[in-house]
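A.B. asks:
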Amino acid sequence: MIRASRVLLKSSGDAKKAAGEYAFRAVGRGESAKPTATAAPEDETMMPWNGWFSSFLKDKLGDEKYEKLRETILYRPNDYTGFEQMPRPNTKLHISDEDPTLTHQFRQPSPGSQPPVRQPSEDASFGNAGDDPYDVTYYKRDTGRRYTSDPTDLHRDLERIKLELLPQDDPRVKEAMEEFEKGPGSAPGNKGVFATGKTDYDPSGLRAAMSTSFEATEASLDANMPDHLPTPTWMSKQQEIVDWYEERDLPVAIGGTGFGLIPTHARVARW
């Protein structure tokens with residue numbers, strides 16, 4: 027009994043020593059930039075009996091007669107997916123009629139061999155220009171809804187022109203001009219005074235909706251107003267479009283058509 031206990035204690039100590047020599051730790055991306063497989067996948071099927079009847083017919087009838095029989099009996103016998111909802115890992119799908127070598131395969135290349143995802147901590151397109159990554163306010167640069175969201179803010183430039191064309195010495199015009207300069211009274215802002223006290227992290231007041239004001243919002247919208255004149259893509263070939271209709275004695279349609287014609291490989295799902 028004592029000898030057996032000593033043997034068990036000795037074997038247990040050896041196991042602990044072996045475990046101590048082998049360090050279990052996490053491996054970072056820098057230490058293993060490109061993971062490698064321990065062994066290549068086996069190409070041999072695990073169902074050798076699958077398709078035995080087709081093999082038997084092909085052996086007895088020959089290739090030519092067997093193909094004619096398949097095309098007569100089966101529906102789309104050469105379909106590249108085999109009518110399976112998910113293609114098999116070794117299935118190569120041809121995605122181009124012009125280039126037969128252009129194929130797409132499931133998880134090829136694998137996600138593990140791709141470069142790491144870029145997660146920007148700041149982006150000037152958010153409207154914060156990188157100085158405040160938590161500032162994602164959109165109203166201060168929403169120029170698309172500038173003349174549609176607030177009825178009291180519709181076409182202020184035209185209203186100013188109308189008032190300037192009226193007699194400036196008329197008391198009614200002066201009063202109307204003063205009311206116009208005040209702007210909508212629904213957004214005076216709290217001047218940075220919140221329930222927790224005075225804050226000065228944003229003097230303009232645009233950082234929080236409670237502190238924003240009409241004047242600051244108008245100034246921000248003016249700074250973000252688009253200053254370019256976009257043109258459609260068909261403008262460069264407008265004469266070609268007109269000639270096409272005139273040659274066929276057809277009324278010329280407005281603009282160019284044919285959008286949505288993209289190559290086949292661009293419509294393949296990305297796994």
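The numbering used here numbers the first residue of the sequence shown as 27 and each following residue consecutively. No residue lacks a Cβ here, since even glycine has one placed at the ideal position from N, Cα and C.
#1: Please say whether Thr163 and Leu232 have beta carbons closer to each other than 8 angstroms?
#2: Is the beta carbon of Leu128 less than 8 angstroms from the beta carbon of Ser122?
#3: Under a three-way DSSP split, which group does Lys118 fall into?
#4: Does DSSP put Gly4 in a helix, in a strand, or in coil?
#5: Just tell me which of Glu190, Ala242 and Thr169 has its CA closest to the CA of Asp253.
#6: Out of Lys208, Thr238, Phe206 and Glu207, which one is the CA nearest neighbour of Phe220?
#7: Do three or more CB pairs link the stretch 221-231 to the stretch 177-197 at distances below 8 angstroms?
#8: Once the 5 residues before and after Ala202 are set aside, which same chain residues still bring their CB inside 7 angstroms of it?
#9: Tell me which residues share the same chain as Ala49 and place their Cβ nearer than 6 angstroms to its Cβ, disregarding the 5 neighbours each side in the sequence.
#10: Between which two residues does the alpha helix (DSSP H) carrying Gln194 extend?
#11: Just the C-alpha distance for Glu70 and Thr98, rounded to the nearest angstrom, thanks.
#12: Can you tell me where the beta strand (DSSP E) holding Gln131 begins and where it ends?
#13: For Pro113, I'd like the list of residues in its chain whose CB is within less than 7 angstroms of its CB, leaving aside the five on either flank, ordered along the chain.
#14: Quick one: give me the first and last residue of the alpha helix (DSSP H) that Thr309 is part of.
#15: On the premise that Arg186 lies in contact with Asn250, defined as a C-beta separation below 8 angstroms, what is that separation, rounded to the nearest angstrom?
#16: In angstroms, rounded to a whole number, what distance separates the CA positions of Gly218 and Ala235?
#17: Under three-state DSSP, which class holds Arg144?
#18: To the nearest angstrom, how far is the alpha carbon of His130 from that of Gln111?
C.D. replies: Taking the definition as stated:
#1: Translated into the one-based positions of the sequence shown, residue 232 becomes position 206. Translated into the one-based positions of the sequence shown, residue 163 becomes position 137. It is a contact, given that the beta carbons lie within the stated cut-off.
#2: Taking the first residue of the sequence shown as position 1, residue 128 is located at position 102. Taking the first residue of the sequence shown as position 1, residue 122 is located at position 96. Cβ distance < 8 angstroms, so Leu128 and Ser122 count as in contact.
#3: For this step, residue 118 is matched to residue 92 along the sequence shown. Strand at Lys118.
#4: Outside the shown range of the chain (27 to 297) lies residue 4, about which nothing can therefore be said.
#5: Locating residue 253 in the sequence shown gives position 227, counting from the first residue. Ranking Glu190, Ala242 and Thr169 by Cα distance to Asp253 puts Thr169 first.
#6: One-based indexing of the sequence shown puts residue 220 at position 194. Of the listed residues, the one whose Cα sits closest to Phe220 is Thr238.
#7: no
#8: Reading the sequence shown from its first residue, position 176 is the one you call residue 202. Setting aside the 5 residues that flank it on each side, Ala202 is surrounded in the same chain by Leu189, each with a C-beta closer than 7 angstroms to its C-beta; the list follows chain order.
#9: The residue you call residue 49 lines up with position 23 of the sequence shown. At Ala49, the pLDDT of 49 sits below 50, so the modelled position is not reliable; the number obtained from the coordinates is stated separately. Apart from the 5 residues on each side of it in sequence, Ala49 has no Cβ closer than 6 angstroms to any other Cβ in its chain.
#10: The residue labelled residue 194 in the question sits at position 168 within the sequence shown. Note, Gln194: premise wrong, no alpha helix (DSSP H); not H, not E.
#11: The residue labelled residue 70 in the question sits at position 44 within the sequence shown. The residue labelled residue 98 in the question sits at position 72 within the sequence shown. Using only the alpha carbons, I get a separation of about 30 angstroms.
#12: As a first step, residue 131 is located in the sequence shown; it is residue number 105 there, counting from the start. Counting along the chain, the beta strand (DSSP E) containing Gln131 begins and ends at Thr129 to Gln131.
#13: In the sequence shown, counting from the first residue as 1, residue 113 sits at position 87. Only Thr107, Leu119 and Phe132 meet the Cβ criterion.
#14: Nothing about residue 309 can be reported from this structure: the residues present for the chain run from 27 to 297 only.
#15: As a first step, residue 250 must be located in the sequence shown, where it is residue number 224. As a first step, residue 186 must be located in the sequence shown, where it is residue number 160. With a contact defined as Cβ atoms closer than 8 angstroms, Asn250 and Arg186 miss out at about 20 angstroms.
#16: Position 192 of the sequence shown, counted from the first residue, corresponds to residue 218. Position 209 of the sequence shown, counted from the first residue, corresponds to residue 235. Taking the straight line from one Cα to the other gives about 10 angstroms.
#17: Translated into the one-based positions of the sequence shown, residue 144 becomes position 118. In the structure shown, Arg144 sits in coil (DSSP, three-state: anything other than H, G, I, E or B).
#18: In the sequence shown, residue 130 corresponds to position 104, counting from 1. In the sequence shown, residue 111 corresponds to position 85, counting from 1. So the alpha carbons of these two residues sit roughly 16 angstroms apart.
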